[in-house]
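Sequence positions in the sequence shown follow the working numbering and run 831 to 1111.
The beta-carbon is built from N, C-alpha and C at its ideal position, and this holds for glycine as well.
Working notes for the structure below.
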Amino acid sequence: MNANLRFDLHMHSNMSDGALAPAELMQRAADAGVELLALTDHDTIAGLAEARAAAETLGMLFVNGVELTAEWRGRVVHLVGLNFDASAPGFDKYMRSLMQLRDQRAHEIARKLYKRGLPENLYELARAHAGDSQIGRPHFAKALIELDKVSSMQEAFDRYLGQGTPGDVKATWPSYVEAIELITSAGGIVVLAHPTKYNFTFTKIRELMTDLLAAGAVGLEVSFPGVTPGHQHELIKFAQQRQCYVSAGSDFHSPDQRWTSLGRYPEFHAERLIVERLTAA
Ligand code: AMP
Ligand code: MN
Ligand code: MN
Ligand code: MN
């Protein structure tokens, strides 16, 4: 199989905080010319079966994916797991506990924002946006827009949900070691999502990557929306020094986000493209 496929290994459906159902997302990806892709919803694998069926019908190569929220040295990081067996032991339990953790966190976010004068039913409003899917801060952002408390997702995060704001609730996420163990024991591989989106210095990113690689991760994303050419260069240089894999994806959530589209991310050249690993044998 050839590694020169048009690929996108990071995207979200409405099983987490995306706008489209898994099958709709696959249709859109096929229309955009994507040939190899993974659905990587936050902390859930509920969309994989529907996505795979649709992707294969559309003639695309589909890889199981998930974007796990994990803790590293007291900070929250996102780990993309790829090409794992979703029926492996441990998966159901891990996902169920994340469902519970996110639901509890959502109640806590609502409680804290209520104390700041927002309506008492904020949890219910956010839950209505999430449905049975994994609830997250974007569902609160939508509720806040609906209530006319803010006029955009960005403002919702800046004022109520982002780091250092009242709705910034400290949840106890699984450690990066547990997250990597889950994926690798199910035959999958792990890469660090959007390394420059955590407000870490490059020194800290390198420390994080050292720990992730030691725990069994195989690489990092070097291309994703918003990465600057300078940062991308640093990430590729790091991957080259450490001989690890590089990945890329659109982190697509919704057709309303004009700055992302499926199959698109800043162009780059690097060795050890993750696609080589995914399509080997
Ligand atoms: P959560 O996983 O519940 O902590 O929510 C994180 C998600 O919120 C990310 O995956 C993004 O989709 C979204 N997000 C984070 N920051 C912002 C922002 N400033 N504006 C809009 N969406 C954001
Ligand atoms: Mn998201
Ligand atoms: Mn992320
Ligand atoms: Mn994402």
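By DSSP, does residue i sit in helix, in strand, or in coil?
{"i": "M845", "result": "coil"}
{"i": "R836", "result": "coil"}
{"i": "E1011", "result": "helix"}
{"i": "H1099", "result": "coil"}
{"i": "S1077", "result": "strand"}
{"i": "H1060", "result": "The residue asked about is misnamed: residue 1060 is Gly in this sequence, not His. In the structure shown, G1060 sits in a helix (DSSP, three-state: H, G or I)."}
{"i": "T1026", "result": "helix"}
{"i": "I1104", "result": "helix"}
{"i": "A774", "result": "The structure shown does not extend to residue 774, since the chain is modelled only from 831 to 1111, so the question has no answer here."}
Whose C-beta lies closer than 6 Å to the C-beta of residue i among residues of the same chain, with five residues either side of it excluded?
{"i": "M845", "result": "D871, T874, A876, G877, S963"}
{"i": "L909", "result": "L898, A900, A1009, V1020"}
{"i": "R935", "result": "V999, A1001"}
{"i": "D1041", "result": "none"}
{"i": "A868", "result": "L839, V893, G895, L912"}
Using the C-alpha atoms, what's the distance from residue j back to residue i?
{"i": "R989", "j": "L955", "result": "18 Å"}
{"i": "D861", "j": "G1079", "result": "16 Å"}
{"i": "E1097", "j": "G1056", "result": "12 Å"}
{"i": "Q1062", "j": "H1099", "result": "10 Å"}
{"i": "Q790", "j": "G961", "result": "Nothing about residue 790 can be reported from this structure: the residues present for the chain run from 831 to 1111 only."}
{"i": "A1045", "j": "E1011", "result": "8 Å"}
{"i": "V864", "j": "Y944", "result": "43 Å"}
{"i": "L888", "j": "L1092", "result": "15 Å"}
{"i": "A916", "j": "D847", "result": "20 Å"}
{"i": "G1017", "j": "P949", "result": "45 Å"}
{"i": "G997", "j": "D978", "result": "17 Å"}
{"i": "E976", "j": "G1049", "result": "39 Å"}
{"i": "S1015", "j": "V980", "result": "43 Å"}
{"i": "F1030", "j": "E1037", "result": "10 Å"}
{"i": "R932", "j": "Y1075", "result": "30 Å"}
{"i": "T1026", "j": "I1013", "result": "23 Å"}
{"i": "T1058", "j": "M983", "result": "22 Å"}
{"i": "K923", "j": "M929", "result": "10 Å"}
{"i": "M831", "j": "E880", "result": "Unreliable placement is indicated for M831, whose pLDDT of 49 sits below 50; the coordinate value is still reported in the next sentence. Looking at the two C-alpha atoms, the distance is approximately 24 Å."}
{"i": "T995", "j": "L1022", "result": "25 Å"}
{"i": "M890", "j": "P852", "result": "14 Å"}
Starting from the C-beta of residue i, find all residues in its chain whose C-beta is less than 7 Å away, skip the five residues before and the five after it, and write them out in chain order.
{"i": "E1064", "result": "F1032"}
{"i": "R1094", "result": "S1080"}
{"i": "N913", "result": "V893, N894, G1018, I1019, L1108"}
{"i": "E1101", "result": "Q1070"}
{"i": "I965", "result": "R932, D933, A936, A956, R957"}
Considering only residues of the same chain and omitting the five flanking positions on each side of residue i, which have a CB-CB separation below 8 Å?
{"i": "W1089", "result": "P1055, G1056"}
{"i": "L850", "result": "S843, N844, R858, S1084, P1085"}
>> Closer than 8 Å is the cut-off here; do at least three beta carbon pairs connect the segment 887–898 with the segment 1001–1021?
In response: Touching, yes.
> Can you list, in chain order, every residue whose CB sits closer than 5 Å to a heavy atom of ligand 3?
Replying inline: H908, A1023
> Within the chosen definition, does the segment 957–972 reach the segment 935–947 through at least 3 CB pairs nearer than 8 Å?
Replying inline: yes
>> Three Cβ pairs or more, each shorter than 8 Å: is that satisfied between the segment 1073–1087 and the segment 837–857?
In response: yes
> Residues near ligand 4, CB to any non-hydrogen atom under 5 Å, in chain order?
Replying inline: E897, D1081
>> Which residues end up in the neighbourhood of ligand 2 when you take C-beta atoms closer than 7 Å to any of its heavy atoms?
In response: H842, S846, D847, H872, G966, P968, H1083
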